Amino acid sequence: MNQNRISGIKTTEIASDLKLSSLNNRTLLRVLPISFFFFFFFFNQPPFSVPSGGLVHEHLMGMSRAEATVSCLVASLLLWASAINGLLSPKGVNYEVQALMGIKASLQDPHGVLENWDGDSVDPCSWTMVTCSPESLVIGLGTPSQNLSGTLSSSIGNLTNLQIVLLQNNNITGPIPPELGRLSKLQTLDLSNNVFTGDIPSSLAHLRSLQYLRLNNNSLSGAIPMALANMTHLAFLDVSYNNISGPLPRFPSKTFNIVGNPLICATGTEAGCHGTTLMPMSMNLNSTQTGLPSVRLKSHKMALTFGLSLACLCLIVLVFGLFIWWRRRNNQPTFFDVKDQQHEEISLGNLRRLKDGNASRGEIQFQTEVEMISLAVHRHLLRLYGFCNTPTERLLVYPYMSNGSVASRLKGKPVLDWGTRKRIAIGAARGLLYLHEQCDPKIIHRDVKAANILLDDYCEAVVGDFGLAKLLDHQDSHVTTAVRGTVGHIAPEYLSTGQSSEKTDVFGFGILLLELITGQRALEFGKAANQKGGILDWVKKIHLEKKLEVLVDKDLKANYDRVELEEMVQVALLCTQYLPGHRPKMSEVVRMLEGEGLAVRWEASQRVDTSKCKPHDFSSSDRYSDLTDDSSLLVQAMELSGPR
Numbered sequence: 001m002n003q004n005r006i007s008g009i010k011t012t013e014i015a016s017d018l019k020l021s022s023l024n025n026r027t028l029l030r031v032l033p034i035s036f037f038f039f040f041f042f043f044n045q046p047p048f049s050v051p052s053g054g055l056v057h058e059h060l061m062g063m064s065r066a067e068a069t070v071s072c073l074v075a076s077l078l079l080w081a082s083a084i085n086g087l088l089s090p091k092g093v094n095y096e097v098q099a100l101m102g103i104k105a106s107l108q109d110p111h112g113v114l115e116n117w118d119g120d121s122v123d124p125c126s127w128t129m130v131t132c133s134p135e136s137l138v139i140g141l142g143t144p145s146q147n148l149s150g151t152l153s154s155s156i157g158n159l160t161n162l163q164i165v166l167l168q169n170n171n172i173t174g175p176i177p178p179e180l181g182r183l184s185k186l187q188t189l190d191l192s193n194n195v196f197t198g199d200i201p202s203s204l205a206h207l208r209s210l211q212y213l214r215l216n217n218n219s220l221s222g223a224i225p226m227a228l229a230n231m232t233h234l235a236f237l238d239v240s241y242n243n244i245s246g247p248l249p250r251f252p253s254k255t256f257n258i259v260g261n262p263l264i265c266a267t268g269t270e271a272g273c274h275g276t277t278l279m280p281m282s283m284n285l286n287s288t289q290t291g292l293p294s295v296r297l298k299s300h301k302m303a304l305t306f307g308l309s310l311a312c313l314c315l316i317v318l319v320f321g322l323f324i325w326w327r328r329r330n331n332q333p334t335f336f337d338v339k340d341q342q343h344e345e346i347s348l349g350n351l352r353r354l355k356d357g358n359a360s361r362g363e364i365q366f367q368t369e370v371e372m373i374s375l376a377v378h379r380h381l382l383r384l385y386g387f388c389n390t391p392t393e394r395l396l397v398y399p400y401m402s403n404g405s406v407a408s409r410l411k412g413k414p415v416l417d418w419g420t421r422k423r424i425a426i427g428a429a430r431g432l433l434y435l436h437e438q439c440d441p442k443i444i445h446r447d448v449k450a451a452n453i454l455l456d457d458y459c460e461a462v463v464g465d466f467g468l469a470k471l472l473d474h475q476d477s478h479v480t481t482a483v484r485g486t487v488g489h490i491a492p493e494y495l496s497t498g499q500s501s502e503k504t505d506v507f508g509f510g511i512l513l514l515e516l517i518t519g520q521r522a523l524e525f526g527k528a529a530n531q532k533g534g535i536l537d538w539v540k541k542i543h544l545e546k547k548l549e550v551l552v553d554k555d556l557k558a559n560y561d562r563v564e565l566e567e568m569v570q571v572a573l574l575c576t577q578y579l580p581g582h583r584p585k586m587s588e589v590v591r592m593l594e595g596e597g598l599a600v601r602w603e604a605s606q607r608v609d610t611s612k613c614k615p616h617d618f619s620s621s622d623r624y625s626d627l628t629d630d631s632s633l634l635v636q637a638m639e640l641s642g643p644r
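According to full-length UniProt numbering, the stretch in the sequence shown is residues 1 to 644, in order.
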């Protein structure tokens, strides 16, 4: 009994002498081999010898081999238990797992991307959207563009090793958790394109390592916290398109964006502080009214470098402008003139020039174009590189599309194969889907045609030419005093009333599908068949006669999928139905092109008695038959409710 008591005392004092404490889960991996080594070392010592001196020596001297072995084994077990205790919370749950499960509980996940997040797990490193370091620490959380909704849980503040948080392009609501300020190692935070509300938390100023911060395209309000000016490592800040007001702190960041915040101002002290900016901005946040003296202090070398760079840029723009004027001087372009892209040399970009003679109206259209393109960012939409605005010239600079437009490639060599044509159709449909249903405010293109669908280096579709588009609020339609577009692609209701909607673009997309199938422009179909009339009459006739092979581009020969041909023709006919209400949305079009729901939608359309819907005094064929191939349309329509 006394011997057991002594062994217990010795064991307790050994554990005390080793100063056992809670260890984290990485320490556990180090403690295990140490504890086993500790056990076997003492177990194999002859009779048992320890260095003199110290508390361990005093209690181990004179112990039997069995007592020493038991004591060392118990000490090893205590080390192991202490490490496990450091890994787990009092309830036996990993703190990182607990925090991640809190985040999952506050979010709605319609696509099940967080399905494998398991609260019973002790290792979150195998979970989707979670990134870990080599030491199994959670350092990254990325769920962009996953259609998540709900709120962002405050438990994210417990993931103290996070370095990257990417939650952009979702529908997350509620305030930004102030607990984010506890993530001292955070370097990148992207919460853009969500529905966050409330103020920007001042606790973000505690993120001393933060370099990249995007909060744009939300519904944040209030002033930007002055404490954020102390974030010395911040290199990029974007708070555009919120409801932020008040003065603008002097940030150390190199680049920022505050466009779309009408109530924001530079210092809050100047008169007429409330202003509106429509064009993208990128400037140094330290440049205020005191910036003029500092400019005078710049070295001669800096001034010379800036001057030479500006001169080179102007020279490039001038050369492009002269070249484009020379190429297009004899044509009759629409409001915006999309330049030819057939260059043998490598080109820096593609220019688009404002052609409207009305200067004041041109200014408004130019600002609308810039704002619209800066809002619409998608892999299948043409993005804006930059712009040049002078009293006599306004130019937009776009990336150069090496494969030109769909219209030029359908006539060029080598021939576009069937698989590429279908991929182009799906890509263009996804771009229009983004404009109609995912962009806020939604955008109507109004001139969907093969010439406005560009192709990148990999023949992926890129929807271009937003010059005819108008920004909408959240209304269903838009009424103008003039119809703008290209003959053969204009929906009948838009042509007759001037009223456009998303279904106007759907009609144009249906014509685009037929152009991809036939390899011909819209106004060429009737001529190719030696018929008077337009494309739709001819296609419907061929479809009823079940002779779809007649439609296919002759250059394809027999190299196409007949089942996919039937499906694509059906989608085209659904998109070009006379009544806009009978046409599908672009989201339905994308699904049908991908093979979902087409059979049901087609069968339902065949049950509709079209003869009761279509007026007898209107014929799209008669409307288009007397127009030339290169004609474009600018006709005055009746004014329904006045221009917007």
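Every residue, glycine too, gets a C-beta built ideally from N, C-alpha and C.
Predicted model only: the values in this text are computed from it and were never measured.
Quick check on DSSP: helix, strand or coil for residue i?
i           : result
Leu-308     : helix
Ala-461     : strand
Tyr-494     : helix
Ile-224     : coil
Ser-149     : strand
Pro-175     : strand
Ile-200     : coil
Asp-238     : strand
Arg-601     : helix
Asn-194     : coil
Cys-388     : strand
Val-370     : helix
Leu-28      : Any reading at Leu-28 must be qualified, since the residue scores a pLDDT of 46, below 50, and its modelled position is unreliable; the value itself is stated next. In the structure shown, Leu-28 sits in a helix (DSSP, three-state: H, G or I).
Ile-244     : strand
Arg-607     : coil
Leu-215     : coil
Ser-405     : strand
residue 695 : Residue numbering for the chain in the displayed model covers 1 to 644; residue 695 lies beyond these limits and cannot be assessed.
Tyr-398     : strand
Expressed to the nearest angstrom, what Euclidean distance is found between the alpha-carbon atoms of residue i and residue j?
i       : j       : result
Trp-418 : Asp-561 : 8 angstroms
Gly-142 : Cys-575 : 37 angstroms
Pro-178 : Ala-572 : 51 angstroms
Phe-387 : Ser-402 : 20 angstroms
Asn-161 : Leu-189 : 14 angstroms
Val-463 : Tyr-95  : 47 angstroms
Asp-373 : Leu-384 : According to the sequence provided, residue 373 is Ile. The question's Asp does not apply to it. Each residue's alpha carbon lies about 6 angstroms from the other.
Gly-157 : Glu-460 : 41 angstroms
Leu-593 : Tyr-434 : 16 angstroms
Asp-440 : Lys-557 : 43 angstroms
Asn-257 : Asp-238 : 5 angstroms
Pro-262 : His-445 : 26 angstroms
Thr-255 : Arg-182 : 25 angstroms
Select from the options the residue whose C-alpha is nearest the C-alpha of residue i.
i       : options                            : result
Val-563 : Ala-599, Gln-577, Val-590          : Ala-599
Ala-223 : Asn-243, Thr-232, Gln-146          : Asn-243
Ser-121 : His-111, Ile-443, Gly-140, Leu-100 : Leu-100
Gly-508 : Ile-517, Leu-523, Ala-491, Ser-501 : Ala-491
Val-377 : Leu-183, Gln-168, Ile-103, Lys-104 : Gln-168
Gln-146 : Ser-184, Leu-107, Pro-134          : Leu-107
His-111 : Leu-148, Trp-325, Ala-235, Lys-104 : Leu-148
Leu-516 : Ser-203, Met-568, Ser-133          : Met-568
Leu-166 : Ser-184, Lys-185, Gln-187, Leu-191 : Leu-191
Count the other CB atoms, across all protein chains shown, that sit within 10 Å of the CB of residue i; report buried if there are 16 or more and exposed otherwise.
i       : result
Gln-570 : buried
Cys-312 : exposed
Gln-520 : buried
Ser-219 : exposed
Pro-124 : buried
Gly-412 : exposed
Tyr-458 : exposed
Gly-260 : buried
Using beta carbons (cut-off 8 angstroms, strictly below), is residue i in contact with chain B?
i       : result
Leu-183 : This model lacks chain B altogether, as it is built from one protein chain only.
The ligand COA heavy atoms versus the CB of residue i: any closer than 7 angstroms?
i       : result
Lys-554 : Among the components modelled here there is no ligand, and therefore nothing to report on the ligand COA.
Flag this pair as touching only if the segment 163-175 and the segment 196-215 have three or more C-beta atom pairs under 8 angstroms; answer yes or no.
The segment 163-175 is in contact with the segment 196-215.
At least three beta-carbon pairs within less than 8 angstroms, the segment 410-426 to the segment 486-502
Three or more Cβ pairs closer than 8 angstroms define a contact, and the segment 410-426 falls short of that threshold against the segment 486-502.
Are at least three pairs of beta-carbons, each pair with one atom in the segment 127-140 and one in the segment 149-157, less than 8 angstroms apart?
In short, these stretches do not touch, since the Cβ pair count stays below three.
Touch check for the segment 386-402 and the segment 309-326: three-plus C-beta pairs under 8 angstroms?
Segments in contact, yes.
Evaluate the contact criterion for the segment 580-600 versus the segment 493-509: three or more CB pairs, one atom per stretch, below 8 angstroms.
Per the Cβ contact rule, the segment 580-600 is in contact with the segment 493-509 (3 or more Cβ pairs under 8 angstroms).
Does the segment 541-556 come into contact with the segment 432-452, if we say contact requires no fewer than three beta-carbon pairs (one atom in each stretch) closer than 8 angstroms?
Taking a cut-off of 8 angstroms for Cβ pairs, the segment 541-556 and the segment 432-452 do not touch, as fewer than three such pairs fall below it.
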